Structure formats: C-alpha cells, structure tokens
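A short worksheet on the structure shown next.
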Amino acid sequence: MPIEASLHESDHGELNIFHVFDTLEVYDGSLALAIDHVINHIKVLVSTVYLPGDKNLETAYQRHPLLRNSSSEVRSPERILLADCIRLLDGLVEIGRLAAYPETSDQARRELGDLKASVPFLDYRYENDPFPSDRDRE
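In this note's numbering, the protein residues as written are 62 to 199.
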C-alpha cells in the first residue's frame with residue numbers, strides 16, 4: 062500500500078504528514094459503498110485516537126446517535142467506533158459474498174441498506190480535503 066510523506070507548516074513548526082492510500086477494485090456498487098463506509102469509519106477512529114478534536118471530527122460525531130453531545134452512552138468514542146467498524150467489516154463480507162453472483166445481487170443491495178441503517182455514514186473529511194463528499198453516493 063503506498064505511503065507518501067509531505068511537509069506542512071503548522072503553529073508548532075514543520076510537520077510530516079503521511080498519506081496512506083490504495084485503490085480497491087470491485088465490480089459491484091453495493092460492495093463499493095460498503096468499502097467506502099468502512100474506510101470512512103476507520104478514518105474517524107484513527108482521528109479520534111490520534112489527532113486533537115476539530116470541527117470536522119465534531120461534525121462527524123454529530124451524525125452518529127451514540128457520539129452526539131446529548132448522548133448518554135457510557136462507552137468511549139473509540140469503543141463505539143471500533144464496534145461499528147467490526148459490524149461494517151462483517152457486513153462487507155456478507156455483501157461481497159452476495160454481490161459475487163447475479164442471482165443474489167438484489168440481496169446485496171438490501172444488506173447494504175440494513176448496514177447503513179444500523180451504522181450511520183459519518184462523512185468525515187479532513188480540512189481542505191480536495192475530494193468531493195461521499196455523502197451524495199451513500
């Protein structure tokens with residue numbers, strides 16, 4: 062998986078920013094959306110445990126009923142996101158199996174709908190993200 066490093070100026074001097082990326086090729090739209098969903102959740106999880114909070118992360122939290130400021134949830138955001146990622150990966154496996162065959166592709170779409178209903182898409186984006194929001198595709 063490619064990793065690129067770039068230097069950025071910050072209030073604390075120069076910072077190395079590492080970009081970890083890869084391209085996944087699939088032949089089914091439901092599977093592509095499931096992959097997008099889990100990667101976006103992983104991005105929120107990594108930012109939660111590693112970066113200081115910012116407005117974009119707070120906006121993503123507000124899209125999740127258990128991470129909203131008004132939630133009475135006792136688990137930490139990290140634990141909630143980790144459980145979501147496990148659920149998303151489990152759904153991705155099921156969707157992948159169903160999407161592999163034309164006769165079960167409709168069931169893959171229904172499974173994606175169930176997955177999206179049980180785990181909200183957070184649409185987390187970094188500051189100055191050059192890519193369009195994924196929310197329109199979800």
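Glycine residues also receive a C-beta, built at the ideal position from the N, C-alpha and C atoms. Predicted model, so just to flag it, every value in this text is computed and none were measured.
Let me make sure I understand the geometry here. Which of the options has the alpha-carbon closest to that of residue i?
i: D184; options: V135, L127, A121; result: A121
i: E139; options: Y162, A161, P163, G114; result: G114
i: N189; options: N77, N117, S91, I100; result: N117
i: S179; options: D167, V107, V99; result: V99
Quick one: what does DSSP say residue i is sitting in, helix, strand or coil?
i: N101; result: helix
i: G74; result: strand
i: L94; result: helix
Over the uninterrupted alpha helix (DSSP H) stretch that includes residue i, give me the two end residues.
i: V154; result: 138-160
i: L128; result: That residue, L128, is in no alpha helix (DSSP H); it is neither H nor E in DSSP.
i: N5; result: Residue 5 is absent from the structure shown; the chain starts at 62 and stops at 199.
Among residues of its own chain, excluding the 5 on either side of residue i, which ones have a beta-carbon nearer than 8 Å to its beta-carbon?
i: D175; result: G152
i: I141; result: H125, L127, L128, E134
Using C-beta distances below 7 Å, list every residue in its chain close to residue i, excluding the 5 sequence neighbours before and after it, in chain order.
i: L85; result: I96
i: R129; result: Y122, Q123
i: S91; result: I156, A160, A169, R170, L173
Here's the rule I'm using: 16 or more other beta-carbon atoms within 10 Å means buried, otherwise exposed. How should residue i be labelled?
i: L112; result: exposed
i: L68; result: exposed
i: A169; result: buried
i: L149; result: buried
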